[in-house]
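Numbering (the numbering used here), first residue to last: 178 to 402. Remarks on the structure that follows.
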Ligand SMILES: C[S@@+](CC[C@H](N)C(=O)[O-])C[C@H]1O[C@@H](n2cnc3c(N)ncnc32)[C@H](O)[C@@H]1O
């Protein structure tokens, strides 16, 4: 039920503490906004500042129900549309503005081969890295935000036996490669050896729309063109 009753607090600190407690309990943002008289943007900034990354929920169940999308068919036209965002493996919409796992899945399948090396220099919560693991590609990923890399490392940390995966390399089961994730700046990748990457599959930040950190240096989501 949504409560229209606003509550009064003495200080902004008290309001923020109460909002964080509501978030921890899973109260929807709409209800929090109405109860505390704050905007969605205010809640988003508070979470980003307190957690060090922009996430929609403080507790997300990562119980894996399946390791692959049901009835998956590769996209065949230039207009891609997915009925659901996709919640196989550890995928969820928790990381704000992350991409649907159908996108890197299609890109990786179309433009790389099994065992090849895929780079994502805007790792976020690790959607591309998870898909690399599920599709038998080697994955490396960087993000400017250490907290995002921590989350992504939790997301790629699941057990997958190659026999459980739907894709095979010819008749053979896929070899599974654990993705390598680390903090890094997409603008400085000169340490990567020339011609060592087979595919770049990366999803840039939305300039000054969704902020991924509380203005951390180098975070391009604060960039104003
Ligand atoms: C749109 S998000 C990527 C989301 C990701 N595709 C996913 O599904 O979780 C963009 C990411 O770029 C990161 N970022 C911003 N500036 C960066 C930089 N200079 N180098 C590397 N990553 C950066 C942000 O921290 C954010 O995680």
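Where is the CB? At the ideal position from N, CA and C, for every residue including glycine.
Item, Value
"Cβ shell of residue 329 (< 8 Å), same chain only, five flanking positions each side left out", "300, 301, 302, 303, 306, 318, 320, 358"
"For residue 398 and residue 383, the rounded distance between their alpha carbons", "6 Å"
"Where the alpha helix (DSSP H) containing residue 240 begins and where it ends", "Unbroken run through residue 240: none, as it is neither H nor E."
"Stretch-stretch touch, CB-based, cutoff 8 Å, three pairs: the segment 207-226 with the segment 247-259", "no"
"For residue 355, three-class secondary structure by DSSP", "coil"
"Status (buried if at least 16 other CB within 10 Å, exposed otherwise) for residue 218", "exposed"
"Spatial distance of residue 260 from residue 361 (CA atoms)", "33 Å"
"Minimum length 4: unbroken alpha helix (DSSP H) runs contained in the segment 243-326", "279-288, 304-311"
"Endpoints, alpha helix (DSSP H) assigned at residue 207", "206-213"
"Three-state secondary structure assigned by DSSP to residue 230", "coil"
"Simplified DSSP state of residue 397, which is helix, strand or coil", "helix"
"Per-residue DSSP class, three states only, for residue 377", "strand"
"Residue 178 in three-state terms, based on DSSP", "With a pLDDT of only 41 at residue 178, under 50, the local geometry of the prediction cannot be trusted, and no value is derived from it."
"Exposure of residue 243, with buried meaning 16 or more beta-carbon neighbours within 10 Å", "exposed"
"Residue 366: first and last residue of the uninterrupted alpha helix (DSSP H) it sits in", "Here residue 366 belongs to no alpha helix (DSSP H), and DSSP marks it neither H nor E."
"Span separating the alpha-carbon of residue 390 from that of residue 294", "28 Å"
"Beta-carbon proximity list for residue 324, same chain, < 6 Å, skipping 5 on both sides", "229, 230"
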